[in-house]
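J.: Line order of the protein sequences matches chains A and B.
Take 65 as the starting number for the first sequence in my numbering and just add one per residue.
Take 65 as the starting number for the second sequence in my numbering and just add one per residue.
2 protein chains.
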Amino acid sequence: MMQSARPPVRHTVTRDDVARYANVSSAVVSYVVNGGPRPVAASTATRVRQAIKVLGYRPNATARALRTGSTRLLGLVVPEIGNPLFAELAVAIEAVAAERGYEVLLTNSHSDPARERRLVSTLIARQVDGLLAWTMLTGSEVSLLPLDDVPTVLLNTFNAGPGFDTVGVDAEAGASLGTQHLIDHGHERIALVIGGGSASHLEARERGWTAATRSAGLGDGPIARDDFTRAGGYRAGLRLFSSPHPPGAAFVSSDMQATGVLRALDELGLRVPHDVALVSFDGTEESEYTLPRLTVVRQPVRAMAAAAVDRVLAISADSPKEHSLLAPRLVIGGSCGCHGRVTKPEGYERPAGRVS
Amino acid sequence: MMQSARPPVRHTVTRDDVARYANVSSAVVSYVVNGGPRPVAASTATRVRQAIKVLGYRPNATARALRTGSTRLLGLVVPEIGNPLFAELAVAIEAVAAERGYEVLLTNSHSDPARERRLVSTLIARQVDGLLAWTMLTGSEVSLLPLDDVPTVLLNTFNAGPGFDTVGVDAEAGASLGTQHLIDHGHERIALVIGGGSASHLEARERGWTAATRSAGLGDGPIARDDFTRAGGYRAGLRLFSSPHPPGAAFVSSDMQATGVLRALDELGLRVPHDVALVSFDGTEESEYTLPRLTVVRQPVRAMAAAAVDRVLAISADSPKEHSLLAPRLVIGGSCGCHGRVTKPEGYERPAGRVS
DNA sequence: ATGAAAGCGCTAACAT
DNA sequence: ATGTTAGCGCTTTCAT
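1. Which bits of chain A does T126 of chain B rub up against, with CB to CB less than 8 angstroms?
2. Considering Cα atoms alone, identify which of A:L304, A:A237 and A:P392 is closest to A275 of chain A.
3. Using a cut-off of 9 angstroms between C-beta atoms, extract the partners of T186 of chain B located in chain A.
4. Would you please verify whether the beta carbon of I145 of chain B is less than 8 angstroms from any beta carbon of chain A?
5. If you count every other CB in all the chains shown that lies within 10 Å of the CB of Q321 of chain B, and 16 or more means buried, which is it?
6. Verify the CB distance criterion: does D81 of chain A have a CB-CB separation below 8 angstroms to chain B?
7. Quick check: the stretch 118-137 of chain A against the stretch 277-297 of chain A, are at least 3 beta-carbon pairs closer than 8 angstroms?
8. For G324 of chain B, count neighbouring Cβ atoms within 10 angstroms of its own Cβ and tell me buried if that reaches 16, exposed if not.
9. Whose Cβ in chain A lies nearer than 7 angstroms to the Cβ of T323 of chain B?
10. How about R136 of chain B and G100 of chain B: are their beta carbons less than 8 angstroms apart?
11. Beta-carbon separation of P314 of chain A and C400 of chain A under 8 angstroms?
12. Could you tell me the boundaries of the beta strand (DSSP E) in which S131 of chain A lies?
13. So A154 of chain B contacts chain A; which residues on that side make the cut at Cβ distance below 7 angstroms?
14. Could you check what DSSP says for L266 of chain A in three-state terms: helix, strand or coil?
15. For H387 of chain A, which three-state DSSP category applies?
16. Taking 8 angstroms as the CB-CB limit, is A151 of chain B close to chain A?
17. Does DSSP classify R454 of chain B as helix, strand or coil?
18. Going by the CB atoms, is the gap between D234 of chain A and A391 of chain A shorter than 8 angstroms?
19. Looking at the strands, I want to know which residues DSSP matches up with A255 of chain B.
20. Using a Cβ-Cβ cut-off of 8 angstroms, state whether R70 of chain A counts as contacting chain B.
21. May I ask which residues mark the beginning and end of the beta strand (DSSP E) holding E163 of chain B?
22. Terminal residues of the continuous beta strand (DSSP E) containing G139 of chain A?
23. So that I know if they touch, is there some Cβ in chain B lying closer than 8 angstroms to that of G347 of chain A?
24. Closer than 8 angstroms between beta carbons: that is the criterion. Which residues of the stretch 300-327 of chain A meet it against chain B?
25. Are at least three pairs of beta-carbons, each pair with one atom in the stretch 156-174 of chain B and one in the stretch 169-189 of chain A, less than 8 angstroms apart?
26. Verify the CB distance criterion: does R393 of chain B have a CB-CB separation below 8 angstroms to chain A?
27. Measuring only the C-alpha atoms, how far is A197 of chain B from V142 of chain B?
28. Apart from the five residues just before and just after S134 of chain A, which ones in its own chain have a Cβ nearer than 6 angstroms to its Cβ?
29. Within the continuous alpha helix (DSSP H) that includes T216 of chain B, where are the two ends?
30. Go to E167 of chain B, then tell me how far its beta strand (DSSP E) extends in each direction, as first and last residue.
31. Report, in whole angstroms, the separation of the C-beta atoms of V343 of chain B and G259 of chain B, which I expect to be a contact under 8 angstroms.
32. As a quick exercise: from B:A239, B:P286 and B:V360, pick the residue whose alpha carbon is nearest that of E252 of chain B.
33. Counting C-beta neighbours from all protein chains within 10 Å, is the total for V231 of chain A 16 or more, i.e. buried, or is it exposed?
34. Please decide whether G120 of chain A counts as near chain B, where near means a Cβ-Cβ distance under 8 angstroms.
35. Applying a beta-carbon distance threshold of less than 8 angstroms, which residues of chain A neighbour E236 of chain B?
36. Run through the DSSP bridge pairs and tell me what A341 of chain A is partnered with.
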């Protein structure tokens, strides 16, 4: 005769304990806890709730997930939480997901393809109900991910082929918009500072910058490629503006790099926007507090989050793939030359409070 | 005769399918997948692995967790992922946890006590193996959390009473260190910019600032309290430095606020460090890219992460509570007056790469 | 309105 | 070395 296995004790009070205490069946406890699917007499429900309180019963979401087949968990993969853009996106996605009754398992790929593949695997193993990924992989690499039958939305990935749902910002239009603004200021030699990789959203920014300068009849400006970090922007800025014939303006493809460029310019003794005009891509809160405040092409982070979460929750086996492309918008700061002086940050409110 | 319930189909290929395909028992598949606890013949193992590959089998972590009683998941609650300090801490905790074979469920309380309580509840419901929380609650409120029997480490919480394990930085010593540095520069009236709340780590910073000025025989400087954000620092800075008798130096209790103070000073036409000297608390990467670079009391983020994760994994029912207090250190930047000019950011490397 | 019980996918003790 | 099987805590169908 077989003996049963003895798994480690964890969650001492179970639904059965509550049932026993309240003198009902475990099914009734479920009905009370979940508000259905069967009705429960008011007096019984009260007794059950009382038992739950007295015993300190806490439902086990793991068991529930195993039984129902749904974890109400969304997996999110971003390249770097330390980048304010992704932090803001993660916060927004978390907020939208919470409104829909989902929680988010947030993971950080450190822009490492191998790590990204591993993260996707563990998220799937954890049975997430949906997956949102800002991938660093190329289109063909993405196709190799073990995405099986998990509803997936790729963020800002435009070369993944038709097999994936995508939500992204029109980076090409955004880069054109920002570059055009510098052209409107009369600049004729406009550099591009951009990440070193070949992710599709980077290529799009490069295309937008090229398109704007060319359609204005200007020659292509210099390109400085470096890491998608503050340090990368700093190095790119030093190279670009200490060259023999430095450009008078630059479109920087991310706020983090722009922060680095600002430091480089400061060290080189160049003033913004007087000597060099700058427009950057992202429009994170950090960009509102640089000196001067950056003029930016702002990513519609909230809208992206909402579109992505709603889409991933709507995906079913036979739904056709969708591709949303959101429009970024230009937000004028003090780095482009529109204002003689720095503009107020958005969070500004009349000074109030104590100074003791 | 009873019929069985029919949960929704999800994960089509199960461990039993693999067993059937490889012509072994499901136990053997487990042994192969988990590398134990019983040995498996090499040829059998190969057959099983082949079956796994062919069928595209992916283990179900939910079922595993239910069975073993361990999710290998750590819950983390921080006040605001948008704050670079917490982003850096989250990344560090994630990295340490990964080394120990754990993943992190990261949640954001938005500094809202009610939300924080809810997060703790859902993390416990999700059966995290441990909980790390940078709480905004007071000591007595923390005691009311349904922490039951989940190993918990509180981060930077010093008034939670002896019932909790804690890991934190010595904020009082840090604030003294930073303030003392301004005193060493000859400042006699040193303001404090600090958050409006009453969290214990804020009180500690205030104590440290007070202790340093008093032991130097100086009178207490002005205090500006405002939100723990860039906007809060900006408002505090405007109030503080547009007052009739503005201080010549300030110790700012967070990098984010310091960023706002820098903007306020810029708008008021005051130069740093020439007119006003600044030292701030945190030492995030962002503080290395402000203009000028901030002189900071740097929080030992990596060390905190390691201490917290190791501690939470070591906690058992009968282990006595521990309280680690880590030492922050002063990192000189360009805002205190040590250098005539801005110092190089840490990420600095000799310029290299293309400028096309 | 309530109860009984099967079974989600997995692990591991016990049997062979 | 491999097989059999109970049961983790929960939901839900079917029966009463």
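Ideal Cβ positions, reconstructed from N, Cα and C, are used throughout, including at glycine.
T.: Looking at the atomic coordinates:
1. Those are T126, A129, L130, T135, R190 and Q191, listed as they occur along chain A.
2. Ranked by Cα distance from A275 of chain A, the options A:L304, A:A237 and A:P392 are led by A:A237.
3. Simply A125 and E167.
4. Between I145 of chain B and chain A, the shortest Cβ-Cβ separation is below 8 angstroms.
5. Q321 of chain B comes out buried.
6. No, no contact with chain B.
7. They do not touch, by the three-pair rule.
8. G324 of chain B should be labelled buried.
9. For T323 of chain B, the chain A residues whose C-beta falls within less than 7 angstroms of its own C-beta are Y353, listed in chain order.
10. No, they are not a contact pair.
11. One point to set straight first is that residue 314 of chain A is Ala, not Pro, in the sequence displayed. The beta carbons of A314 of chain A and C400 of chain A sit no closer together than 8 angstroms.
12. Checking the displayed sequence, the identity of residue 131 of chain A turns out to be Arg instead of Ser. Boundaries for R131 of chain A: no beta strand (DSSP E) harbours it, while the alpha helix (DSSP H) harbouring it runs A125 to T132, taken from the DSSP string.
13. Using a Cβ-Cβ cut-off of 7 angstroms, A154 of chain B is close to I145 of chain A, given in chain order.
14. If DSSP states are grouped into helix, strand and coil, L266 of chain A belongs with the helices.
15. Note: H387 of chain A maps to strand in three-state DSSP.
16. So, interface residue.
17. Because chain B here runs from 65 to 420, residue 454 of chain B falls outside it and cannot be looked at.
18. Contact: yes.
19. For A255 of chain B, which the question treats as bridged, DSSP gives the partners B:A314.
20. The predicted model places R70 of chain A with a pLDDT of 40, which falls under 50 and marks its position as unreliable; any figure quoted below should be read in that light. With 8 angstroms as the cut-off, R70 of chain A does not count as an interface residue toward chain B.
21. E163 of chain B -> not in any beta strand (DSSP E); alpha helix (DSSP H) instead, spanning P148 to E163.
22. Run containing G139 of chain A: L137 to V142, per the beta strand (DSSP E) assignment.
23. No, no contact with chain B.
24. Answer in chain order: A300, L302, R303, L304, S306, S307, T323, G324, L326 and R327.
25. Touching, yes.
26. With its beta carbon at least 8 angstroms from every one in chain A, R393 of chain B lies outside the interface.
27. Distance between A197 of chain B and V142 of chain B, taken at the CA atoms: about 6 angstroms.
28. Excluding its 5 nearest sequence neighbours in each direction, S134 of chain A has C-beta neighbours in its own chain below 6 angstroms: D193, listed in chain order.
29. Premise fails: T216 of chain B lies in the beta strand (DSSP E), T216 to L219, not in any alpha helix (DSSP H).
30. Judged by DSSP secondary structure, E167 of chain B falls within the beta strand (DSSP E) whose first and last residues are E167 to N172.
31. Taking a contact as a CB-CB distance under 8 angstroms, the pair V343 of chain B and G259 of chain B does not count as one, their CB atoms being some 16 angstroms apart.
32. Checked all of B:A239, B:P286 and B:V360; the closest Cα to E252 of chain B is B:P286.
33. Result: buried.
34. Chain B places a beta carbon closer than 8 angstroms to that of G120 of chain A, counting this residue as a contact.
35. Ordered by position in chain A, no residue passes the 8 angstroms Cβ test against E236 of chain B, which lies about 20 angstroms from the chain.
36. Bridge partners of A341 of chain A: A:A313.
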